[in-house]
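In what follows, a single structure is set out as structure tokens and then discussed.
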Amino acid sequence: MGEKFNIIVAFILAAILLYGCGTADKQTGDQADQSEPIHSQSRTPPALELKIGDDTIRTFRGVYSWSYYDSEEESMVGVEASSDSPHEMISRDNARKVEPQADVTLEFGEPPLSYQLFVWDEAGNRTAYPIAFDLSKHEGPTLFEVFAHWEQGQASYVVALDVE
Numbered sequence: 020m021g022e023k024f025n026i027i028v029a030f031i032l033a034a035i036l037l038y039g040c041g042t043a044d045k046q047t048g049d050q051a052d053q054s055e056p057i058h059s060q061s062r063t064p065p066a067l068e069l070k071i072g073d074d075t076i077r078t079f080r081g082v083y084s085w086s087y088y089d090s091e092e093e094s095m096v097g098v099e100a101s102s103d104s105p106h107e108m109i110s111r112d113n114a115r116k117v118e119p120q121a122d123v124t125l126e127f128g129e130p131p132l133s134y135q136l137f138v139w140d141e142a143g144n145r146t147a148y149p150i151a152f153d154l155s156k157h158e159g160p161t162l163f164e165v166f167a168h169w170e171q172g173q174a175s176y177v178v179a180l181d182v183e
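Residue numbers (our numbering): 20 to 183.
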């Protein structure tokens with residue numbers, strides 16, 4: 020009987036010790052290493068600008084899904100934002116005039132992991148477009164959408180260009 024009692028006490032002590040090793044006491048400073056950011060602090064997706072020569076063209080952010088770490092609440096926050104359709108966000112009448120041979124560079128506030136490029140037609144249909152921004156394949160006002168992906172989420176951006 021004494022041997023069984025010792026075994027039971029040993030199991031209870033081991034369980035208590037293992038439980039104590041697995042919990043973090045906030046007041047004693049047992050926290051994650053703060054030298055590396057755990058989560059993005061940005062509350063919204065980064066901005067996107069198009070560079071064509073010396074010109075900077077602003078894009079309009081559309082729908083997005085984004086998460087970030089709220090240090091005040093000490094928790095992750097997720098945001099789902101909707102928007103109007105690209106045709107309602109920006110008018111082709113306000114399209115920026117560009118040359119068909121112009122080189123277009125996308126400048127994100129934070130580089131995405133990947134992105135896709137789409138062209139919208141007048142009927143509101145979206146067609147996938149090669150990543151290289153080749154304006155020579157278009158004529159007149161054209162609505163472009165960039166859909167970018169980051170670790171924290173994804174976002175769409177819309178711009179209208181008038182290819183002369």
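Ideal placement from N, C-alpha and C gives every residue a C-beta, glycine not left out.
Since residue i is in the beta strand (DSSP E), which residue starts that stretch and which ends it?
i: Pro-160; result: 159-169
i: Glu-68; result: 67-71
i: Glu-126; result: 123-127
i: Ser-84; result: 79-89
i: Glu-183; result: No beta strand (DSSP E) contains Glu-183, which DSSP labels as neither H nor E.
i: Gly-97; result: 94-100
Does DSSP put residue i in a helix, in a strand, or in coil?
i: Leu-154; result: helix
i: Arg-111; result: helix
If I measure Cβ to Cβ from residue i and keep anything under 7 Å in the same chain, skipping five residues before and after, which residues do I get?
i: Asn-113; result: Ala-179
Ordered along the chain, which non-local residues of its own chain (more than five positions away) have a Cβ less than 6 Å from that of residue i?
i: Ala-33; result: Model confidence at Ala-33 stands at a pLDDT of 47, short of 50, so the residue's coordinates are unreliable; what they give is reported in the following sentence. The answer is none, since no qualifying residue turns up.
i: Trp-139; result: Pro-105, Arg-145 and Leu-162
i: Ser-102; result: Gly-81 and Val-82
i: Tyr-18; result: Since the first and last residues shown for the chain are 20 and 183, residue 18 lies out of range.
i: Phe-152; result: Val-123
i: Val-98; result: Trp-85
Which residue comes first and which comes last in the alpha helix (DSSP H) that contains residue i?
i: Glu-107; result: 105-108
I'd like to check one pair, residue j with residue i: are the Cβ atoms closer than 8 Å?
i: Leu-67; j: Tyr-176; result: yes
Beta-carbon within less than 8 Å of residue i's beta-carbon, same chain only, minus the 5 sequence neighbours each way: which residues are those?
i: Gln-60; result: Tyr-87, Tyr-88 and Ser-90
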